[in-house]
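Enquirer:
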Amino acid sequence: MEFLQTTLCYLEKDGAYLMLHRIKKKNDVNHDKWVGVGGKFEPGEDALACALREVREETGLMMRTPQYRGIVDFYCAPWPAERMHLYTCTDFCGEMSDCDEGCLEWVDKAAVQNLPIWQGDKIFFRLLAEDAPFFHLELTYNGDALKKAVLNGNALPV
Numbered sequence: 128m129e130f131l132q133t134t135l136c137y138l139e140k141d142g143a144y145l146m147l148h149r150i151k152k153k154n155d156v157n158h159d160k161w162v163g164v165g166g167k168f169e170p171g172e173d174a175l176a177c178a179l180r181e182v183r184e185e186t187g188l189m190m191r192t193p194q195y196r197g198i199v200d201f202y203c204a205p206w207p208a209e210r211m212h213l214y215t216c217t218d219f220c221g222e223m224s225d226c227d228e229g230c231l232e233w234v235d236k237a238a239v240q241n242l243p244i245w246q247g248d249k250i251f252f253r254l255l256a257e258d259a260p261f262f263h264l265e266l267t268y269n270g271d272a273l274k275k276a277v278l279n280g281n282a283l284p285v
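Quick note: to get our numbering, add 127 to the position in the sequence shown (first position is 1).
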């Protein structure tokens, strides 16, 4: 299967994640959801180069030591299958700027679960909180409803 290769990055500061409320793009699978920052690979980029560029473009911030945490395969027809390379980062610099895809906001980690996020995101937020080793998470949706979740080859209850 051919995947759209993307990155998804969560910057962390003072017990909060930098979240993007996706409200500015038309025809957006993430419309009105709260997500991390990131985007599509450009030709010749690997996951790290894409993550560094996307964070800089969307936030104005430069990640110094991003941590590659896992891969999330996202299936949600009619959208193309997407392979998201998930990063977190606590070491970054620069001045935050506005994002043309939505509104950036620091959200307390405990409050993230109460935002309108994808149901499967709750799984990887739990893994991040547990400092789980590198993982592979497969998430299959029908619209906004999570229909199947597989972590490292093992089905999870949904």
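Virtual Cβ for every residue (Gly too), placed ideally from N, Cα, C.
(1) Distance, Cα to Cα, F251 vs P243?
(2) To which residues of the same chain is Q246 closer than 7 angstroms at the C-beta, ignoring the five residues directly before and after it?
(3) Where does V285 land, buried or exposed, given buried means 16+ other C-beta within 10 angstroms?
(4) Taking C-beta to C-beta, are G163 and M146 nearer than 8 angstroms?
(5) Can G142 and K236 be called in contact, C-beta distance under 8 angstroms?
(6) What residue range is occupied by the uninterrupted alpha helix (DSSP H) comprising F251?
(7) So what does T192 bridge to, in DSSP terms?
(8) How many whole angstroms separate the CB atoms of L254 and G187, which I take to be in contact at a CB cut-off of 8 angstroms?
(9) State yes or no: is the C-beta of A178 within less than 8 angstroms of the C-beta of C136?
(10) Look at the alpha carbon of E172 and the alpha carbon of A282, and state the distance between them as a whole number of angstroms.
(11) Nearest-angstrom Cα distance between Q132 and H212?
(12) From which residue to which residue does the beta strand (DSSP E) around K236 run?
(13) Where do the ends of the alpha helix (DSSP H) carrying L175 lie?
(14) Considering only their Cβ atoms, is the gap separating C230 from P193 smaller than 8 angstroms?
Expert: Taking the structure as given:
(1) Locating residue 251 in the sequence shown gives position 124, where the first residue counts as 1. Locating residue 243 in the sequence shown gives position 116, where the first residue counts as 1. F251 and P243 have their C-alpha atoms some 15 angstroms from each other.
(2) Counting from one through the sequence shown, the residue named residue 246 turns up at place 119. The residues are L273.
(3) Mapped onto the sequence shown, residue 285 falls at position 158. Around the beta-carbon of V285, fewer than 16 other beta-carbon atoms lie within 10 Å, marking it exposed.
(4) By one-based count along the sequence shown, residue 163 stands at place 36. By one-based count along the sequence shown, residue 146 stands at place 19. Yes, Cβ-Cβ distance for G163 and M146 is below 8 angstroms.
(5) The residue you call residue 142 lines up with position 15 of the sequence shown. The residue you call residue 236 lines up with position 109 of the sequence shown. A contact, by the Cβ cut-off of 8 angstroms.
(6) Here residue 251 refers to the residue found at position 124 of the sequence shown. Taken as a continuous stretch (DSSP letters only), the alpha helix (DSSP H) holding F251 covers D248 to A256.
(7) Locating residue 192 in the sequence shown gives position 65, counting from the first residue. Paired residue(s): none; T192 is not in a bridge.
(8) One-based indexing of the sequence shown puts residue 254 at position 127. One-based indexing of the sequence shown puts residue 187 at position 60. Between L254 and G187 a beta carbon distance of about 28 angstroms is seen, past the 8 angstroms cut, so the two are scored as non-contacting.
(9) What you label residue 178 is simply residue 51 of the sequence shown in a count that begins at 1. What you label residue 136 is simply residue 9 of the sequence shown in a count that begins at 1. Yes.
(10) As a first step, residue 172 must be located in the sequence shown, where it is residue number 45. As a first step, residue 282 must be located in the sequence shown, where it is residue number 155. Going from the Cα of E172 to the Cα of A282 covers about 32 angstroms.
(11) As a working note, residue 132 is residue 5 in the sequence shown. As a working note, residue 212 is residue 85 in the sequence shown. Inter-residue distance for Q132 and H212 is about 8 angstroms (C-alpha atoms, whole angstroms).
(12) Here residue 236 refers to the residue found at position 109 when the sequence shown is read from its first residue. Premise fails: K236 lies in the alpha helix (DSSP H), K236 to V239, not in any beta strand (DSSP E).
(13) Here residue 175 refers to the residue found at position 48 of the sequence shown. From DSSP, the alpha helix (DSSP H) with L175 extends over A174 to T186.
(14) The residue labelled residue 193 in the question sits at position 66 within the sequence shown. The residue labelled residue 230 in the question sits at position 103 within the sequence shown. Taking a C-beta distance under 8 angstroms as the contact criterion, P193 and C230 do not qualify as a contact pair.
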